[in-house]
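What follows is a set of notes on a single structure, which appears directly below.
In the numbering used here, the protein residues as written are 804 to 1232.
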């Protein structure tokens, strides 16, 4: 037999062996009776997205077969009526088949598509006479803090907005010794806390705005003391508490805690400290809006008009690696009666809040807040089927300087609802 014939014979024999082996191997897979196992990693069973946002439905899923090994790439989905562009809560079902068509267990994911909100437009300004308008009366001071409040009447107002340049401050009361050379000491627990915020009351009270808060420092630690203004929303409600902690993996970037017994609770929400673009500093100019996006709900919106050029704020952002300030839109939260065409009051407040002192006489302090510039303040109202901005002039504002007017320096409200405020409890003007 020639060498060529020997090679051909050898190849035929070799291929025959391979073919038989393949057939046996294929039969092994096709005769398999054990279904593959599908599992979902912790944290991936639920997801929250906003309208139009893309989502990888298969994220967090793993499929293993006893013979084929990892078959994650074969996972199939029954997405039902899921639509990323339509608000709602959807259930999608996952499964996988092996080569023998054995079907795995089913995995269910819940996907919530939330409405995508944008910063509200600037509505036209109305300066005419409002028929049957109600004008406000001054309330009594409530003890526990130093504050300046501009309060509206309870009338058919549906929101409030203002442009503000954030103030400088000097916090001088802490739980222990502190560095008095700093405007705020991030390494000590402060007992005075500057804030500026709005409020709305249809049936129950809400306070919504900016408060000095704990922050992420350059070394990755969390400050002990308040060090930047951050958004908050505090609301009293008897339903839709939205209670829960941060869950960034599933799209919840905020936490809400509630106190109280029975159905009526006092809830406090704040965005995750890891998002430093929502740290606002002295000199930042912001447009702040508080309004009702749907009946029984309220929302805080912050539009950045101008980033601070103050040396202090520039250095604070730079040395801690904080991002430049960005627009902020809070989750909607419960505010019974808002947006339901019942009479509602709104307020704008500058304060030095005091830790664990609510309802008690304000504690003497040398803490100060300098020159909060309110460039304007407008109430929202529907006139001739169109939302308008109504200047919050001195005729529409009940002004309170508490607990003593001598501790507050301010200009008179102008025609656009603007004024400049300083709080100095340690001295009288």
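Ideal Cβ positions, reconstructed from N, Cα and C, are used throughout, including at glycine.
Since the structure is predicted, the reported quantities are computational estimates derived from the model, not experimental observations.
Problem - For residue 1310, the three-state DSSP class (helix, strand or coil) - result: Here the chain has residues from 804 to 1232 only, and residue 1310 is not among them.
Problem - residue 1019, DSSP secondary structure in three states - result: Residue state, collapsed to three classes: strand.
Exercise for the section: Grab me the residues of residue 911's own chain with a C-beta within less than 7 Å of its C-beta, minus the 5 sequence neighbours each way, in chain order. Expected result: Contacts found: 894 and 896.
Practice task
Take residue 1143 and list the residues in its own chain whose beta-carbon comes closer than 8 Å to its own, dropping the five residues that flank it on each side.
Solution key: Result list for residue 1143: 1005, 1098 and 1099, in chain order.
Problem - Spatial neighbours of residue 958 in its chain, beta-carbon cut-off 6 Å, leaving aside the 5 residues before and after - result: These residues qualify, in order along the chain: 937 and 1146.
Practice task
Could you check what DSSP says for residue 1199 in three-state terms: helix, strand or coil?
Solution key: If DSSP states are grouped into helix, strand and coil, residue 1199 belongs with the helices.
Exercise for the section: Verify whether the separation of the beta carbon atoms of residue 1149 and residue 947 is less than 8 Å. Expected result: With respect to residue 947, residue 1149 sits apart: the two C-beta atoms are not nearer than 8 Å.
Problem - Alpha carbon of residue 852 to alpha carbon of residue 861, nearest angstrom - result: Here the alpha carbon of residue 852 sits roughly 15 Å from the alpha carbon of residue 861.
Practice task
Pull up the distance between the alpha-carbon of residue 1111 and that of residue 1032, whole angstroms please.
Solution key: A straight line joining the alpha-carbon of residue 1111 with that of residue 1032 spans about 13 Å.
Practice task
Verify whether the separation of the beta carbon atoms of residue 990 and residue 1029 is less than 8 Å.
Solution key: The answer is no: Cβ separation not under 8 Å.
Handout entry: residue 1230 burial status per 10 Å Cβ neighbour count (16 or more: buried)
Key = That one is exposed.
Problem - Simplified DSSP assignment, three categories, for residue 876 - result: Assigned with DSSP and collapsed to three states, residue 876 falls in helix.
Exercise for the section: Could you check what DSSP says for residue 864 in three-state terms: helix, strand or coil? Expected result: Residue 864 falls in the strand class under three-state DSSP.
Problem - Contiguous beta strand (DSSP E) assignments of at least 3 residues, all confined to the segment 941 to 1027 - result: Here the runs fully enclosed are 948 to 954, 962 to 968, 971 to 973, 995 to 1004 and 1008 to 1016.
Practice task
Could you spell out where the alpha helix (DSSP H) holding residue 1069 opens and where it closes?
Solution key: DSSP places residue 1069 in no alpha helix (DSSP H) but in the uninterrupted beta strand (DSSP E) bounded by 1068 to 1074.
Exercise for the section: Kindly list the residues whose CB is nearer than 6 Å to the CB of residue 869, restricted to its own chain and excluding five residues on each side of it in sequence; keep chain order. Expected result: The residues are 837.
Exercise for the section: Between the Cα of residue 1189 and those of 961, 988, 1178 and 1195, spot the shortest distance and give me the residue it belongs to. Expected result: Nearest neighbour of residue 1189 by Cα position, chosen from 961, 988, 1178 and 1195, turns out to be 961.
Problem - Option nearest residue 882 by Cα separation, candidates 909, 1092, 1088 and 1064 - result: Residue 909 holds the alpha-carbon nearest to the alpha-carbon of residue 882 among 909, 1092, 1088 and 1064.
Practice task
Taking the CB atoms as reference points, tell me whether residue 1234 and residue 1181 lie closer together than 8 Å.
Solution key: Shown here, the chain extends from 804 to 1232; a query on residue 1234 therefore has no answer.
Exercise for the section: Could you give the DSSP three-state label for residue 1119: helix, strand or coil? Expected result: Helix.
Problem - residue 1092: CB within 7 Å of a non-hydrogen atom of the ligand FAD - result: Absence of the ligand FAD from the depicted structure is noted, as is the absence of any ligand whatsoever, leaving it without description.
Problem - Host beta strand (DSSP E) of residue 1036 (start-end) - result: Counting along the chain, the unbroken beta strand (DSSP E) around residue 1036 starts and ends at 1031 to 1040.
Practice task
Work out the CA separation of residue 855 and residue 924 for me, nearest whole Å.
Solution key: Using only the alpha carbons, I get a separation of about 21 Å.
Exercise for the section: Kindly indicate which residue of 1055, 1071, 1141 and 1017 has the alpha-carbon position closest to the one of residue 1084. Expected result: Checked all of 1055, 1071, 1141 and 1017; the closest Cα to residue 1084 is 1017.
Problem - Reduced DSSP secondary structure (H/G/I, E/B, other) of residue 1102 - result: If DSSP states are grouped into helix, strand and coil, residue 1102 belongs with the strands.
Practice task
Check whether the Cβ atoms of residue 928 and residue 1192 sit closer than 8 Å, and answer yes or no.
Solution key: Yes.
Practice task
Would you mind reading off the limits of the beta strand (DSSP E) that contains residue 1148?
Solution key: Residues 1148 to 1157.
Practice task
Verify whether the separation of the beta carbon atoms of residue 1049 and residue 1137 is less than 8 Å.
Solution key: No.
Handout entry: CB contact flag (residue 1226, residue 951, <8 Å)
Key = The Cβ atoms of residue 1226 and residue 951 lie closer than 8 Å to each other.
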